[in-house]
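Numbering (my numbering), first residue to last: 63 to 441.
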Ligand SMILES: NC(=O)c1ccc[n+]([C@@H]2O[C@H](COP(=O)([O-])OP(=O)(O)OC[C@H]3O[C@@H](n4cnc5c(N)ncnc54)[C@H](OP(=O)(O)O)[C@@H]3O)[C@@H](O)[C@H]2O)c1
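Now the structure itself:
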């Protein structure tokens, strides 16, 4: 059957006003025969939500409140898209999976925080996660038609962000503006700071572990400044498959939304002759300690990754508020991981309490820093 004769896939979109959410809305507008927005859900920005709603008049509009679970579970929804910022996306993702919905997921924090729980819900309800993150979309595409046993390693590429070449001893003085100036991708502020610390790549290692069920030791990171090779899979026979494309999130979003079909002309293909060269280099662990920190948290398992995620969300928020320096972002995450009380299990209550503990702990450490630097620390 041709896609034009099939009824449009009905979408519930969490994070409708954000960077990913707006690109989902573009794709829906460009492909009305394929997609229809059934619900637009955002966090706080009513004006932006209303603006999106005017372009999709049939869609229900909701700001974050208890009815979000109902909206993603609506029988009229075929696919839920999760692109809300951070840990707030966990409950709606679980609600969608419990209602038997497939979820196209951009929000890596959900898997970092509660990957085991999400996988358990998928198994129990026979649902799937379709990756939107460009690296995971690339790996997913490289794996189509392959057998799990054939996988050797997953290779996640990363541009290295704005601080790839900056002298390491000047990073402590990096400003918010400098950290937000990503050389290749235009994204929301939290993921842009994660790209500057390369915690983003650390979170992606954990995301890849849960999406593709590959051990941490077999997930590598390679710096690739041009952001054209979005990631690769190395197979046991020595073959390597890569997925290439210009750095534009419309493409991985379209792959997830239209799977298993492909949409015509989502973006222009990369002009390799004009690009000329593709460079790769090993990650410098001294410059980017966040990657090893995240991998270690993944290996520790239990609630260590929930602590990693929550501590990082809080530390990034503090940096964006101008209350801590750039190097302290990863420093606070490390401090939280090294003093967390226990690793706990995978139950929702344990994940939520680890998340709450880490947020509190990071705020307390940052306040202590400020008191110390103001010379008011009690002797
Ligand atoms: N941007 C990219 O290119 C990119 C690429 C790969 C992966 N991702 C991942 O995609 C996710 C979203 O990133 P982004 O860059 O699109 O972020 P963003 O531009 O900051 O947008 C965040 C969205 O989340 C919404 N939101 C916040 N709190 C919410 C809540 N409690 N309930 C429902 N919605 C809520 C915001 O709504 P309000 O504006 O109303 O607060 C906004 O629509 C992140 O996990 C990121 O890592 C993004």
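We treat Cβ as the ideally placed atom computed from N, Cα and C, and that holds for glycine.
CA-to-CA distance, residue j to residue i, given in whole angstroms
i: residue 378; j: residue 231; result: 20 Å
i: residue 364; j: residue 414; result: 12 Å
i: residue 71; j: residue 429; result: 48 Å
i: residue 68; j: residue 94; result: 11 Å
i: residue 270; j: residue 101; result: 28 Å
i: residue 360; j: residue 368; result: 10 Å
i: residue 179; j: residue 268; result: 14 Å
i: residue 64; j: residue 323; result: Confidence in residue 64 is poor, its pLDDT being 47 and thus under 50, which makes the residue's placement unreliable; the coordinate value appears in the next sentence. Spanning the two alpha carbons is a distance of roughly 10 Å.
i: residue 192; j: residue 436; result: 48 Å
i: residue 89; j: residue 424; result: 39 Å
i: residue 248; j: residue 401; result: 35 Å
i: residue 245; j: residue 223; result: 6 Å
i: residue 282; j: residue 385; result: 33 Å
i: residue 212; j: residue 350; result: 31 Å
i: residue 372; j: residue 335; result: 43 Å
i: residue 186; j: residue 164; result: 13 Å
i: residue 441; j: residue 306; result: The predicted position of residue 441 is uncertain, since its pLDDT is 47 and thus under 50; a value taken from the coordinates is nonetheless stated next. So the alpha carbons of these two residues sit roughly 57 Å apart.
i: residue 215; j: residue 279; result: 9 Å
i: residue 340; j: residue 264; result: 23 Å
i: residue 127; j: residue 105; result: 9 Å
i: residue 237; j: residue 389; result: 11 Å
i: residue 293; j: residue 151; result: 25 Å
i: residue 118; j: residue 108; result: 15 Å
i: residue 316; j: residue 181; result: 23 Å
i: residue 434; j: residue 298; result: 53 Å
i: residue 374; j: residue 417; result: 11 Å
i: residue 410; j: residue 162; result: 19 Å
Cβ-Cβ distance between residue i and residue j below 8 Å
i: residue 96; j: residue 325; result: yes
i: residue 241; j: residue 255; result: yes
i: residue 167; j: residue 194; result: yes
i: residue 486; j: residue 197; result: Residue 486 cannot be examined here, being either before or after the span of the chain that is shown, 63 to 441.
i: residue 82; j: residue 311; result: yes
i: residue 332; j: residue 285; result: no
i: residue 159; j: residue 183; result: yes
i: residue 199; j: residue 347; result: no
i: residue 141; j: residue 319; result: yes
i: residue 229; j: residue 382; result: no
i: residue 259; j: residue 86; result: no
i: residue 74; j: residue 136; result: yes
i: residue 421; j: residue 376; result: yes
Nonlocal neighbours in the same chain, by C-beta distance under 6 Å from residue i, ignoring five residues either side
i: residue 154; result: 76, 130, 134
i: residue 207; result: none
i: residue 387; result: 234
i: residue 408; result: 178, 179
Interface flag, residue i vs chain B, CB-CB below 8 Å
i: residue 175; result: The question asks about chain B, but that chain is absent: this structure has only one protein chain.
Contact test: residue i Cβ vs ligand 3 heavy atom, cutoff 7 Å
i: residue 208; result: Ligand 3 is absent from the structure shown, which contains only ligand 1.
Contact set for residue i: own chain, Cβ-Cβ below 8 Å, skip 5 residues either direction
i: residue 204; result: 293, 294, 295, 303, 304, 305
Beta-carbon contacts of residue i that lie in its chain and below 7 Å, excluding the five residues immediately before and after
i: residue 321; result: 192
Checklist entry - Which residue spans inside the segment 260-341 form an unbroken beta strand (DSSP E) run of at least 3? => result Runs of the beta strand (DSSP E) inside the segment 260-341: 281-285, 291-297, 302-306.
Next on the checklist: For a minimum of 4 consecutive residues, which ranges assigned as the alpha helix (DSSP H) are wholly contained in the segment 78-156?
Outcome noted: Every alpha helix (DSSP H) stretch that sits fully inside the segment 78-156 and reaches 4 residues is listed by chain position as 81-92, 108-117, 129-135.
Next on the checklist: Counting beta carbon pairs with one atom in the segment 143-150 and one in the segment 110-121, are three or more of them shorter than 8 Å?
Outcome noted: Judged by Cβ distances under 8 Å, the segment 110-121 makes no contact with the segment 143-150, as fewer than three pairs qualify.
Checklist entry - Quick one: any contact between the segment 271-278 and the segment 170-178, if contact means 3 or more CB pairs under 8 Å? => result Judged by Cβ distances under 8 Å, the segment 271-278 makes contact with the segment 170-178, as three or more pairs qualify.
Item to check | Sequence ranges, beta strand (DSSP E) only - wholly within the segment 161-189, length at least 3 | outcome: Counting only unbroken stretches of 3 or more residues, the beta strand (DSSP E) elements lying wholly within the segment 161-189 are 164-167, in sequence order.
Item to check | Stretch-stretch touch, CB-based, cutoff 8 Å, three pairs: the segment 392-400 with the segment 344-356 | outcome: Inter-segment contact for the segment 392-400 and the segment 344-356 is present: three or more beta-carbon pairs are separated by less than 8 Å.
Checklist entry - In chain order, which alpha helix (DSSP H) runs of at least 4 residues are fully inside the segment 361-419? => result Entirely contained in the segment 361-419, the alpha helix (DSSP H) runs reaching 4 residues are, in chain order, 366-382, 388-401.
Checklist entry - What alpha helix (DSSP H) runs, 4 residues minimum, are completely inside the segment 215-266? => result Residue ranges of uninterrupted alpha helix (DSSP H) with 4 or more members, entirely inside the segment 215-266 and ordered along the chain, are 238-241, 251-259.
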